[in-house]
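What follows is a single structure, written as structure tokens, with notes after it.
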Amino acid sequence: MLARNAAGSQMTRSSFDAQRGRYGALLVGSPDEVVDKIIRHSEALGGISRLSFMMNVASLPQVKVLRAIDAIGAQVAPALHQIKFSDSNFATAT
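No gaps in the numbering here: position 37 of the sequence shown is 118 in my numbering, and each next residue is one more.
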């Protein structure tokens, strides 16, 4: 078992690998891959209005956690703000 999800069920390696793939729910990858996945999910769902990032900070070295936070703030968020989403497709924070 790798982890438990919010509902308390176990996440196995195979389910983790499936969910981190191109169409899975987990946002794992380079900043460009994460941005592409967010856009794809938004289009498939008819829009998203909120996005939360969660990391298991207890098991990751601090340098990796800080690198991920920096990538979200410096690359992912600015890239999403540059995309022209319709109001019904994506609500950006102001």
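No residue lacks a Cβ here, since even glycine has one placed at the ideal position from N, Cα and C.
Nothing here was measured: the structure is a model prediction, and the numbers come from that model.
Buried or exposed: residue i, going by 16 or more other Cβ atoms within 10 Å of its Cβ?
| i | result |
| --- | --- |
| leucine 108 | buried |
| valine 138 | exposed |
| serine 133 | exposed |
| serine 90 | exposed |
| serine 140 | exposed |
| valine 116 | buried |
| serine 123 | buried |
| lysine 145 | exposed |
| threonine 173 | The predicted position of threonine 173 is uncertain, since its pLDDT is 49 and thus under 50; no value can be drawn from it. |
What are the boundary residues of the alpha helix (DSSP H) that residue i is part of?
| i | result |
| --- | --- |
| isoleucine 164 | Run containing isoleucine 164: none; DSSP gives neither H nor E here. |
So, helix, strand or coil for residue i, using DSSP?
| i | result |
| --- | --- |
| valine 146 | helix |
| phenylalanine 134 | coil |
| serine 123 | helix |
| alanine 106 | coil |
| alanine 152 | helix |
| alanine 139 | coil |
(Q) Can you confirm whether the stretch 96-115 touches the stretch 143-158 when touching is taken to mean that 3 or more C-beta pairs between the two stretches lie within less than 8 Å? (A) Three or more beta-carbon pairs separated by less than 8 Å link the stretch 143-158 to the stretch 96-115, which places the two stretches in contact.
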